[in-house]
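S.K.: Residue numbers (the working numbering), protein chains in the order written: chain A, 1 to 429; chain B, 430 to 858.
After the structure tokens below, expect a handful of questions from me.
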């Protein structure tokens, strides 16, 4: 079968070129909003946010002990203790109302504001108290056991960069920095339109719409606000009018199905009829997912993916995730990857960037990987049994037994080789 | 300073022992509920869930072409095509109302139900149509280009295991499996009580409660339903009565502060006074976080952590995350780790399991790591500059330059060595 004629495509564009054109041509402005810092976790910062103050605000005791003048205790030793007079005590949260002068000390508890005049804390263990005097047994350098004002955060320090997702430690740091509200991106609104008579048929030929809810769940995980607009029949007019009607309500539209039905390319045909539509790409060297495409309509991206769930998922990973990141100025987040030893050959179709669903398991304290053989783009069960994805670039023929490769984990690692791999091997050989 | 007397502790228990006792002694039953599959993404499955049906429900065409009897086309070749009579056409979603008999074929589109009698699909490209006849140029084995009924999911197949978080592909598979509702765990209710006069003081010594919102954000990320109960003063009676009053509303309580204030161990003292309270552990060999502890009260775990944000975060990672996982029967999820080359020595205090905040950056296409020097448990900024955590076991003295270690990424990797590392080195050497 000639690759050139597959599903009516004359060629499959290189994925990286298609993505680069998508990212260059699309520049939807995602709106932003102010939210209280305590509600901001999980949202994406819309601007660089800087500290309004020093933190800690004052010098504080870092442990329980005696606040002293470091110069007073320079020579202290167990055989020659320095004797200081206790002039007070400070608990955390109190404002000391006295000063520590030469020859004096004060009891301080962890977190307490250091009394004026003191510049070091002698731990309780390194001194002996006798009534209102304390015998210091060890010296302490200036600022020993003192949390300095501003040592954690200084006024003007960058707390969170635009594009970063607010994590728990950002929340704490923003509060310490004196910030109560932060500007975050509104969640991008993504509309999902599923095209296909088979999703509508009443007469028994109907199949359930599983790809729509899959996309919905994926976009929610990604921090978007997805809406399932509904199922539209295989009809160019209806598809065009649906897109024209709903586009204004969304930042991005995702269409599934009709990308190569009956060789008619229903969805591209329908999109091309919408006013001001321009094609960004259609047909990429991805497996699965080669029928993916995108139009730009009224400045907004309309993505088209196969109606088959695994192909649609690859389309989301390959195009929608980088697009959302770019619109929010976000750096790629770390993904859970592991290095594994190949147990059974993985053969790629050269020219295609392929997403293999694979199984990672532990054996003799080493991580092994086997690909799942039955791997059509309709076979969702490969993502249930499989717990990792191996991405193979288009110029790689595959990987041999005992090669080492990196895979992206999507589920827990099996603690031994799962038995279903035997069935796998036998049913499809 | 003797380790034994630190903050009044006589010893720091081995972390693994403390955790193991916590997990053994606590067996709170987290409630479950039925939710629509389309709302289940991100929730944790509360029982093994199996398919109610085969999927696909019928044999379907895997591409556009001609449905044939494979025996008819065994000898087909371009020089000797097999001529078949077209008897109909089936679109996706249609129920074929005819049968393919010997010598016959039918047009089928991707996803269409295979007409009775047919068992293979010849792609359009491998045949030539002439009016109501088709000239087949290539043979096809039985079931070639046919998605077999049940090839993806069989009735009784496991779709999702108890304890797994529902991901987008589970949603799609559950729908295909005929499941509309799934039993998931209710989000564990975790109450947060922050103890400390310094968080309440009106007179200027007040510091903001950043640890409470940090814990709140962390627990939300973890899939819990956290509630900030409020700040309680350093008063044993008030702490005890707060715990007694609120415990019934939560599955777990997290207390911060007062774990070693003034050597008085306020929170442990207060918890020990609550009826039926029994100590699980107090004092562990974690750095930061060694003042962590837990009581069991009325069968529920009450965890105690330092009020300092980084120490509290280590407590959450070390105890609360594994506890929640255990209560939901969840396997550890993959974390984003990378292998990095040590650029500056990391020195551990032997005997302690330490959590170093480190910086990972790329240089000459290799990943390097440097620890942040200023690393007290109050220094939240180490989690802003640092983008990874290095966990060093208690029997390891540290890592030397050019050693390779695995670190857990908590933020994007720096594309070059950040300049602040120079300041780091100079301010604290």
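Each residue gets a CB set at the ideal place from its N, CA and C atoms; glycine is no exception.
Secondary structure at residue 748/B, three-state DSSP: helix, strand or coil?
M.R.: Counting from one through the second chain, the residue named residue 748/B turns up at place 319. Correct three-state label for residue 748/B: helix.
S.K.: Could you please tell me which residues of the stretch 619 to 650 of chain B, in chain order, have their CB closer than 8 Å to any CB of chain A?
M.R.: Those residues of the stretch 619 to 650 of chain B that come within reach of chain A (Cβ to Cβ, closer than 8 Å) are 625, 626, 627, 628, 629, 630, 632, 633, 634, 635, 636, 637, 638, 639, 640, 642, 643, 644, 645, 646, 647, 649 and 650.
S.K.: Who are the Cβ neighbours of residue 482/B in its own chain at under 6 Å, not counting the five residues just before and after it?
M.R.: As a position in the second chain, residue 482/B is number 53, starting the count at 1. Result list for residue 482/B: 584 and 607, in chain order.
S.K.: Which chain A residues sit within Cβ distance under 8 Å of residue 588/B?
M.R.: Taking the first residue of the second chain as 1, we reach residue 588/B at position 159. Residues of chain A passing the Cβ test: 384.
S.K.: Starting from residue 842/B, follow the beta strand (DSSP E) in both directions and report where the run begins and ends.
M.R.: Residue mapping note: residue 842/B aligns to position 413 of the second chain, counting from 1. Residue 842/B -> no beta strand (DSSP E), and no H or E assigned at all.
S.K.: Run through the DSSP bridge pairs and tell me what residue 799/B is partnered with.
M.R.: Taking the second chain and counting its residues from 1, one reaches residue 799/B at position 370. Residue 799/B is bridged to 788/B.
S.K.: Helix, strand or coil for residue 533/B, going by three-state DSSP, please let me know.
M.R.: Translated into the one-based positions of the second chain, residue 533/B becomes position 104. Three-state result, residue 533/B: strand.
S.K.: Inspect the beta-carbon positions of residue 630/B and residue 93/A and report whether they are closer than 8 Å.
M.R.: What you label residue 630/B is simply residue 201 of the second chain in a count that begins at 1. What you label residue 93/A is simply residue 93 of the first chain in a count that begins at 1. Their beta carbons are under 8 Å apart, which means residue 630/B touches residue 93/A by this criterion.
S.K.: Along the chain, where does the alpha helix (DSSP H) that runs through residue 268/A open and close?
M.R.: Here the question's residue 268/A lines up with position 268 in the first chain. That run of the alpha helix (DSSP H) goes 266 to 272.
S.K.: In the structure shown, what three-state DSSP assignment does residue 602/B receive?
M.R.: Position 173 of the second chain holds residue 602/B. In this structure, residue 602/B counts as helix in the three-state DSSP scheme.
S.K.: Is the Cβ of residue 596/B closer than 8 Å to any Cβ of chain A?
M.R.: Taking the second chain and counting its residues from 1, the one referred to as residue 596/B is at position 167. By this cut-off, residue 596/B is an interface position.
S.K.: Could you tell me whether the Cβ of residue 30/A comes closer than 8 Å to any Cβ of chain B?
M.R.: Walking along the first chain from the start, residue 30/A turns up at place 30. So, not an interface residue.
S.K.: Among 61/A, 180/A and 219/A, which residue has its Cα nearest to the Cα of residue 642/B?
M.R.: For this step, residue 642/B is matched to residue 213 along the second chain. For residue 642/B, the nearest C-alpha among the options comes from 180/A.
S.K.: Going by the CB atoms, is the gap between residue 254/A and residue 314/A shorter than 8 Å?
M.R.: Reading the first chain from its first residue, position 314 is the one you call residue 314/A. Reading the first chain from its first residue, position 254 is the one you call residue 254/A. No, they are not a contact pair.
S.K.: With three or more beta-carbon pairs closer than 8 Å as the criterion, would you say the stretch 773 to 786 of chain B touches the stretch 337 to 352 of chain A?
M.R.: Segments in contact, no.
S.K.: Going along chain A in order, which residues have a C-beta closer than 9 Å to the C-beta of residue 762/B?
M.R.: In the second chain, the residue the question calls residue 762/B occupies position 333. Residues of chain A passing the Cβ test: 336, 409, 411 and 412.
S.K.: Verify whether the separation of the beta carbon atoms of residue 344/A and residue 419/A is less than 8 Å.
M.R.: On the first chain, residue 344/A is found 344 positions in, with the first residue counted as 1. On the first chain, residue 419/A is found 419 positions in, with the first residue counted as 1. No.
S.K.: Name the DSSP bridge partner or partners of residue 873/B?
M.R.: The displayed coordinates of chain B run from 430 to 858. Any statement about residue 873/B would go beyond what the structure contains.
S.K.: Could you please give the first and the last residue of the uninterrupted alpha helix (DSSP H) stretch that includes residue 211/A?
M.R.: Taking the first residue of the first chain as 1, we reach residue 211/A at position 211. Here the alpha helix (DSSP H) through residue 211/A covers 211 to 221.
S.K.: When you compare the CB positions of residue 44/A and residue 163/A, do they come within less than 8 Å of one another, or not?
M.R.: Taking the first residue of the first chain as position 1, residue 44/A is located at position 44. Taking the first residue of the first chain as position 1, residue 163/A is located at position 163. Result yes, Cβ atoms of residue 44/A and residue 163/A sit closer than 8 Å.
S.K.: Comparing C-alpha positions only, which one of 552/B, 668/B and 628/B sits nearest to residue 695/B?
M.R.: The residue you call residue 695/B lines up with position 266 of the second chain. Here the closest residue by C-alpha is 668/B.
S.K.: Do you know how far the Cα of residue 38/A is from the Cα of residue 646/B?
M.R.: Counting from one through the second chain, the residue named residue 646/B turns up at place 217. Counting from one through the first chain, the residue named residue 38/A turns up at place 38. Their Cα atoms are separated by approximately 8 Å.
S.K.: How close, in whole Å, do the beta carbons of residue 563/B and residue 534/B come, if the pair is a contact with beta carbons under 8 Å?
M.R.: Reading the second chain from its first residue, position 134 is the one you call residue 563/B. Reading the second chain from its first residue, position 105 is the one you call residue 534/B. About 5 Å separates the two Cβ atoms, so the contact holds.
S.K.: Could you work out which residues of chain A lie near residue 810/B, taking near to mean beta carbons separated by less than 8 Å?
M.R.: Here residue 810/B refers to the residue found at position 381 when the second chain is read from its first residue. In chain order: 152, 153, 157 and 173.
S.K.: Identify whether residue 36/A lies in helix, strand or coil by the three-state DSSP scheme.
M.R.: Translated into positions along the first chain, residue 36/A becomes position 36. Residue state, collapsed to three classes: strand.
S.K.: Flag this pair as yes or no: are the beta carbons of residue 367/A and residue 338/A separated by less than 8 Å?
M.R.: In the first chain, counting from the first residue as 1, residue 367/A sits at position 367. In the first chain, counting from the first residue as 1, residue 338/A sits at position 338. Cβ atoms of residue 367/A and residue 338/A: closer than 8 Å.
S.K.: Applying the criterion that 16 or more other CB atoms from any shown protein chain within 10 Å of the CB defines a buried residue, is residue 142/A buried or exposed?
M.R.: Residue mapping note: residue 142/A aligns to position 142 of the first chain, counting from 1. Result: exposed.
S.K.: Write down the C-beta distance between residue 199/A and residue 231/A rounded to the nearest angstrom, noting that I regard them as a contact closer than 8 Å.
M.R.: Start at 1 with the first residue of the first chain, and residue 199/A comes out as number 199. Start at 1 with the first residue of the first chain, and residue 231/A comes out as number 231. Indeed, because the Cβ distance is near 4 Å, the residues count as touching under 8 Å.
S.K.: In this structure, what does DSSP give as the bridge partners for residue 659/B?
M.R.: As a first step, residue 659/B is located in the second chain; it is residue number 230 there, counting from the start. In the DSSP output, where bridge partners are listed per residue, residue 659/B has 622/B.
S.K.: So what does DSSP say about residue 5/A, is it helix, strand or coil?
M.R.: Stepping through the first chain from its first residue, residue 5/A is reached at position 5. Unreliable positioning characterises residue 5/A in this predicted model, as indicated by a pLDDT of 43, which lies under 50. The coordinate reading is nonetheless provided below. DSSP places residue 5/A in helix when its eight states are reduced to three.
S.K.: Work out the CA separation of residue 573/B and residue 513/B for me, nearest whole Å.
M.R.: The residue you call residue 513/B lines up with position 84 of the second chain. The residue you call residue 573/B lines up with position 144 of the second chain. Roughly 17 Å separates the two Cα atoms.
S.K.: At 7 Å on the CB atoms, spell out the chain A contacts of residue 520/B, in chain order.
M.R.: If you number the second chain from 1, residue 520/B lands on position 91. Here the neighbours are 197.
S.K.: If we ignore side chains and look at the alpha-carbon of each, how far apart do residue 791/B and residue 842/B end up?
M.R.: Here residue 791/B refers to the residue found at position 362 of the second chain. Here residue 842/B refers to the residue found at position 413 of the second chain. The alpha-carbon atoms of residue 791/B and residue 842/B are separated by roughly 7 Å.
S.K.: For residue 48/A and residue 72/A, I'd like the C-alpha separation in whole angstroms.
M.R.: Taking the first residue of the first chain as 1, we reach residue 48/A at position 48. Taking the first residue of the first chain as 1, we reach residue 72/A at position 72. Their backbone Cα atoms lie some 45 Å apart in a straight line.
S.K.: Could you check whether the Cβ of residue 62/A sits closer than 8 Å to any Cβ belonging to chain B?
M.R.: Taking the first residue of the first chain as position 1, residue 62/A is located at position 62. Residue 62/A counts as touching chain B.
S.K.: Check distances from the C-beta atoms of the stretch 102 to 117 of chain A to those of chain B and list, in chain order, the residues that come in under 7 Å.
M.R.: So the list reads 109, 110, 111 and 113, given in the order they occur along the chain.
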